[in-house]
Every structure is written in structure tokens, then in C-alpha cells.
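Asker: My questions all concern the structure below.
Numbering (this note's numbering), first residue to last: 48 to 179.
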């Protein structure tokens, strides 16, 4: 969900950021928490291996949120062009549907099956490999 209305944030150092008005305070706070952690995460070369493991564990915990929050984080990461956060959140969404049937995916994402039984049978036949 994007809007044409933008909000400009000005930091104490004078730097400004333009964000979509639909990015909530809760989501913006999560994005800032992520960015702060990742800036702190790789401060010195000696600490990197330990920090990388700690950071990966922190990331896994970070995306253990409800589905709505996860999708809002995906949108914010995409809009704010934070590739590492976008990669992390989209991977979490992909993991939600990994090894699920089409019916289970529809249920997770609240997608109505608008195919007739005949249409669905035809699609399944044309794409048998995906249902094996």
C-alpha cells in the first residue's frame, strides 16, 4: 500500500528522510531497531564471526512477528530501500509457505479460490510437476 502523501523526518544531525504516510510508528520503530542493530553488528573485524552468528540469531528472532507486522515490514523495507531487511522479511514470508499445499497457502494469506473445479483440474494437470 503506497500513497502519494509523504512525510519528511528531520534528524538531529540535519539529515532528512522521506517516508510513506502509511508506515506506522510501530513499523518505523522496528525498522530503526533493525538498522541500529545492523550498524552495531559489524563494528570490528575481530568480532565479526561471533557477531555474525549473534546477528543471524537476532534476525531470526526479529521476524518472529505476526503476519500483518511482517507484511508491513516488507512494505517499509521495500519503500525505504533497505535491501537486507527486505531480504530478511521476504525470506520469513517464504518460509511461512514452504512445503505448503495451495490450499494451505490460500488459508495463510486469506486468498479465496476463485477457480471452478474444472479450471483447477486443468491447471493441476498442466502443472503436475508442482504438485508432486
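Where is the CB? At the ideal position from N, CA and C, for every residue including glycine.
Any chance the stretch 115 to 127 sits against the stretch 69 to 85, with 3 or more Cβ pairs inside 8 angstroms?
Answerer: Touching, yes, given that three or more Cβ pairs across the two stretches are closer than 8 angstroms.
Asker: Under a three-way DSSP split, which group does residue 64 fall into?
Answerer: Note: residue 64 maps to strand in three-state DSSP.
Asker: Is residue 54 helix, strand or coil by DSSP?
Answerer: Strand, per DSSP.
Asker: Thinking residue 69 and residue 56 are a contact (beta carbons under 8 angstroms), I'd like their distance in whole angstroms, please.
Answerer: Going by Cβ atoms, the distance from residue 69 to residue 56 rounds to 15 angstroms, so no, they are not a contact pair.
Asker: Residues in the same chain with beta-carbon distance under 7 angstroms from residue 105, minus the five sequence neighbours each way, listed in chain order, please.
Answerer: Cβ within range, chain order: 84.
Asker: Indicate whether residue 155 and residue 143 have their beta-carbon atoms separated by less than 8 angstroms.
Answerer: Yes, the pair counts as a contact, with Cβ atoms nearer than the cut-off.
Asker: Within the stretch 66 to 141, note down every full beta strand (DSSP E) run reaching 3 residues or more, in order along the chain.
Answerer: List check, beta strand (DSSP E) in window: nothing returned.
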